[in-house]
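Residue numbers (my numbering): 543 to 619.
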């Protein structure tokens, strides 16, 4: 996930197909949020969008992990 985020290469300079894939990568939103905070210019709407997407991803992955763990624990021997 890290390699297709704009952490190493700017999103604007990526090929169109890779930039489209990077838009669905949650690491992209973390990188954009940290970059804007480090530069001192944070747009509230952009920061809110990044936080909502990262929070949603965290909740979704927690629910998925809980489901998989519960399924594995309840599996008969």
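Every residue, glycine too, gets a C-beta built ideally from N, C-alpha and C. Keep in mind the model is a prediction, meaning the values are calculated, not measured.
CA-to-CA distance, residue j to residue i, given in whole angstroms
i: residue 600; j: residue 557; result: 28 Å
i: residue 562; j: residue 618; result: 43 Å
i: residue 546; j: residue 606; result: 23 Å
i: residue 553; j: residue 609; result: 34 Å
i: residue 586; j: residue 572; result: 15 Å
i: residue 576; j: residue 559; result: 24 Å
i: residue 598; j: residue 574; result: 16 Å
i: residue 612; j: residue 590; result: 33 Å
i: residue 615; j: residue 584; result: 44 Å
i: residue 570; j: residue 564; result: 6 Å
i: residue 592; j: residue 555; result: 21 Å
i: residue 594; j: residue 602; result: 12 Å
C-beta atoms of residue i and residue j nearer than 8 Å
i: residue 568; j: residue 596; result: yes
i: residue 588; j: residue 578; result: yes
Proximity to residue i [Cα-Cα], best of the options
i: residue 566; options: 584, 583, 544, 616; result: 544
May I have a chain-ordered list of the alpha helix (DSSP H) segments no shorter than 4 residues that lie completely inside the segment 543-588?
558-565, 568-581
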